[in-house]
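Trainee:
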Amino acid sequence: MASKAQRMPVGLKLATNGFIIFWLIIAAFPFFWTFWGSFKVELDFFSIADWTNALFGPNTETTHGAPFTGAGYEGAWIENEFWRNVLNTFIVCVFVVSISLTMGTLGGYALSRSGFRYVIWLLIIALIFRALPQVTLVAGYMLPFFEWNVWGIIPTAIIVLVAMNQPFTLWMLHSFFQNIPKELDESAKVDGCTQFQAFRHVIIPVMWPGVITTGLFSFLLAYNDFIVTSLLLSESNRTMIPEIAAFLGTTQTEGNVMFAVAAVVSATAPLFVLVMFFQRQIVSGLTAGAVKG
Amino acid sequence: MKHKTFFWFFLPTGLAMFLFIALPIVSVVIQSVYAPHEAVIIEVENCGPFGCTTETTIDQDATAAIREAQPLGRFVGLDIYLDRGHLAVNEIREAWATTESWSAFGDVLFNLPFYRAMAFTLTYVFVCTPALIALGLTIALAVNSLHRHLKGLAIFFSLLPMIVTPLIGSLILFWMIDSRGILGNFISYLADDPDLSLKASTPLMWISLIVYGIWSSAPFAFVVFYAGLQTLPQDQIEAAQIDGATRWEQVRYVVIPHLMPLVTFVALIQIMDNFKVLEPIIGFQAQAHATSLSWIIVNDLGGETRQLSAAATTSVMTIIGVAILLSPVLVRTWRDFQKGGH
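Going down the list, the protein sequences come from chains S and A.
First residue of the first sequence? That's 695 in this note's numbering, and the numbers climb one at a time after it.
First residue of the second sequence? That's 1182 in this note's numbering, and the numbers climb one at a time after it.
So, in structure tokens, the structure goes:
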């Protein structure tokens, strides 16, 4: 209950609300604008004559007979076979999330339950690895991957992404397991369980909230990755993001920018849905590191 | 937990990090002191009816043989670090001796790839980071005063610029600031210059990239500060009010000191993240105006001729840069563990 002293004066209230509206427009408007524009032809979306063309689409109407057209999507998805890249992204994400969570829960659980000194060192090493720019490692992969003939295929990218994801996953899950009382698995061990049985029957049933939060961030890492997938995947195995980067080179010259716009909108849509459903987990995951220190 | 149990639990993740993070670092360091073999050149004398000519050709077999025998290349020590593409020691020494003024020296420096990249990267880091912290804090304070039904909605829209793939986010902004896009149109209308193009001017391109940086990272600062505001001690605020503090003084002397640890946290994370800036440069196609170390690495590795040694050298220099930026975080983490927070 706000006391009278805490209530805002009208002027300040207006200023605050005005600022929020201003920020929300900056944050969200570009996405709506691009979504709207993706159903237009290039002459409308990129209009020199009159910016309102992008709103009402007169050129789109003369070309396609209606102010909206799916031509960009058709060009991207069917003509340029963007669905292959979507499928690749899907495969990469599913495998990266499931493998890195499996490895991360085992490791993070072990770190949280072992009181030995090397735990601190392992965590600090993980922190250093987490801070390394991923792009600095890629030069190290190239020679061996070419030598073993595994460059360019999807499993290679998955393994590399899983490994790069481990430091973050370990930190998140370590601090999460730390909050699960040790007494739970200790008592299971007193009853005769081995450590793994205690983990299997006592910890796994209660760990899902933390695992889901960590999984969301693993998913985002795999989905948003540009460096690994663009440098380690061959042209036929590309995921969405490097394909969009490649579109830029080819479509700009062919006058098919709208294909790239449609592809960008298609790749943003799943993220929208993700934030809509998992907003609370994303916020708690982002703040976990900060509050923990 | 016994050492042995710990070992088996930790093995998969430890092995993955060892094979794909620790070993590549070693490999990158080794590659950075080796250069590719030069082609073996032989001179062939062709004698015909009109006299003899000597031709120099590449001995393909010998070249292939030496490349096969030593796939790493030839050992060159720190040569690659000092060459024109990296620290450019000779060029700098020469410029220092020959140029008359600071600005002429600066021009030479700005034409060397490494220093060009550093100039942009450091500007980007040290403009973006304070700006996004200030913006994030303002948003957090404003959202915190909203009615609770509106808070969720405000957070949803605020998260979007951060969650969206960096390359996609930068493309979306880039299309808007294109001279034919809505913002580009608007800006040239404001400047009253129909030919104004952000893509053609270095300062405008830098500003656009920095605006992108702030736009995409302010939500992170906002979310962290917003969480911090939820744990604000109410009694301190009340005490300040009783003492007659104005609203601004309450923010200045109670709220900001309470959030200070979080400000440090966000600043450290963002300095490290902004140091790796890459996607906006690609999305904005800004390489003619602004580059970064990450961009140089990607540029060397991509394309037809993969220049592994050059890329490896830039990678090592990037790692050193990150290590310098990271050291305060490491000291802090170490101290936390010592305090028994573990």
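Glycine included, C-beta positions come from ideal geometry on N, C-alpha and C.
Quick check on residue 1141 of chain A: does DSSP put it in helix, strand or coil?
Mentor: For chain A, the structure presents residues 1182 to 1523; residue 1141 of chain A sits outside this window and is missing.
Trainee: Output yes if chain A places a C-beta closer than 7 angstroms to the C-beta of residue 969 of chain S; else output no.
Mentor: yes
Trainee: Between which two residues does the beta strand (DSSP E) harbouring residue 1224 of chain A extend?
Mentor: 1222-1229
Trainee: Please check if any C-beta of chain A sits within less than 7 angstroms of the C-beta of residue 874 of chain S.
Mentor: no
Trainee: Could you compute how far the alpha carbon of residue 1506 of chain A sits from the alpha carbon of residue 1515 of chain A?
Mentor: 16 angstroms
Trainee: So, is the C-beta of residue 1326 of chain A closer than 7 angstroms to a C-beta in chain S?
Mentor: yes
Trainee: Name, in chain order, the residues that DSSP records as bridge partners for residue 1255 of chain A.
Mentor: A:1216
Trainee: Is it buried or exposed, residue 1370 of chain A, if we count other Cβ atoms within 10 angstroms and call 16 or more buried?
Mentor: exposed
Trainee: So that I know if they touch, is there some Cβ in chain S lying closer than 7 angstroms to that of residue 1240 of chain A?
Mentor: Cβ-Cβ to chain S under 7 angstroms: no for residue 1240 of chain A.
Trainee: Give the straight-line distance between the Cα atoms of residue 853 of chain S and residue 1329 of chain A, rounded to the nearest whole angstrom.
Mentor: Whole-angstrom Cα-Cα distance: 43 angstroms.
Trainee: In three-state terms, what does DSSP make of residue 1239 of chain A?
Mentor: strand
Trainee: Does the beta-carbon of residue 746 of chain S have 16 or more other beta-carbons within 10 angstroms, so that it is buried, or is it exposed?
Mentor: exposed
Trainee: In terms of DSSP beta bridges, what is residue 1008 of chain S paired with?
Mentor: Here chain S covers residues 695 to 987 and nothing more, so residue 1008 of chain S does not appear.
Trainee: Does the distance from the C-beta atom of residue 857 of chain S to that of residue 1197 of chain A stay below 7 angstroms?
Mentor: yes
Trainee: Could you please tell me which residues of the segment 1451-1479 of chain A, in chain order, have their CB closer than 7 angstroms to any CB of chain S?
Mentor: 1453, 1457, 1459, 1460, 1463, 1475, 1478, 1479
Trainee: Which parts of the segment 829-917 of chain S are runs of the alpha helix (DSSP H), unbroken and 4 residues or longer, counting only runs that do not cross its ends?
Mentor: 829-841, 848-872, 876-884, 889-892
Trainee: Among the candidates A:1437, A:1367, A:1445, A:1340, whose CA atom is the shortest distance from the CA of residue 741 of chain S?
Mentor: A:1367
Trainee: Spell out whether any CB of chain A is found under 7 angstroms from the CB atom of residue 898 of chain S.
Mentor: It does not: the Cβ of residue 898 of chain S has no partner Cβ on chain A nearer than 7 angstroms.
Trainee: Please state whether the Cβ-Cβ distance between residue 710 of chain S and residue 1326 of chain A is less than 7 angstroms.
Mentor: yes
Trainee: Could you work out which residues of chain S lie near residue 1379 of chain A, taking near to mean beta carbons separated by less than 8 angstroms?
Mentor: Those within 8 angstroms of residue 1379 of chain A in chain S number zero; the least Cβ separation is about 14 angstroms.
Trainee: Pick out whichever of A:1451, A:1414, A:1274, A:1215 has its Cα sitting closest to the Cα of residue 1431 of chain A.
Mentor: Closest option to residue 1431 of chain A, Cα to Cα, is A:1414.
Trainee: Quick test of your reading: residue 957 of chain S and residue 938 of chain S, contact by CB under 8 angstroms. State the CB separation rounded to the nearest angstrom.
Mentor: 5 angstroms
Trainee: Are the CB atoms of residue 794 of chain S and residue 863 of chain S within a distance shorter than 7 angstroms?
Mentor: yes
Trainee: Residue 1299 of chain A CB to nearest chain S CB: under 7 angstroms?
Mentor: no
Trainee: Beta-carbon separation of residue 787 of chain S and residue 913 of chain S under 7 angstroms?
Mentor: Their beta carbons are under 7 angstroms apart, which means residue 787 of chain S touches residue 913 of chain S by this criterion.
Trainee: Apart from the five residues on each side of it in sequence, which residues of its chain come closer than 8 angstroms, Cβ to Cβ, to residue 715 of chain S?
Mentor: none
Trainee: Using a beta-carbon distance cut-off of less than 7 angstroms, what residues from the segment 1492-1508 of chain A approach chain S?
Mentor: 1492, 1493, 1496, 1499, 1500, 1503, 1507
Trainee: Could you say if the segment 1489-1503 of chain A and the segment 794-806 of chain S meet the contact criterion of at least three C-beta pairs nearer than 8 angstroms?
Mentor: no
Trainee: Apart from the five residues on each side of it in sequence, which residues of its chain come closer than 8 angstroms, Cβ to Cβ, to residue 971 of chain S?
Mentor: none
Trainee: Tell me whether residue 794 of chain S counts as near the ligand MN, meaning its Cβ is closer than 6 angstroms to at least one heavy atom of that ligand.
Mentor: Absence of the ligand MN is noted for the structure shown, with no ligands found whatsoever.
Trainee: Can you pull the chain A residues whose beta carbon is under 8 angstroms from the beta carbon of residue 722 of chain S, in chain order?
Mentor: Chain A residues near residue 722 of chain S: 1338, 1341.
Trainee: Could you have a look at residue 809 of chain S and say whether DSSP puts it in helix, strand or coil?
Mentor: coil
Trainee: Does any CB atom of chain A fall closer than 7 angstroms to the CB of residue 797 of chain S?
Mentor: yes
Trainee: Pull up the distance between the alpha-carbon of residue 1451 of chain A and that of residue 1310 of chain A, whole angstroms please.
Mentor: Note on geometry: alpha-carbon atoms of residue 1451 of chain A and residue 1310 of chain A lie some 6 angstroms from one another.
Trainee: In terms of residues, what are the limits of the alpha helix (DSSP H) holding residue 1442 of chain A?
Mentor: The continuous alpha helix (DSSP H) containing residue 1442 of chain A extends over residues 1437-1456.
Trainee: Got a sec, what are the start and stop residues for the alpha helix (DSSP H) residue 1407 of chain A sits in?
Mentor: 1383-1411
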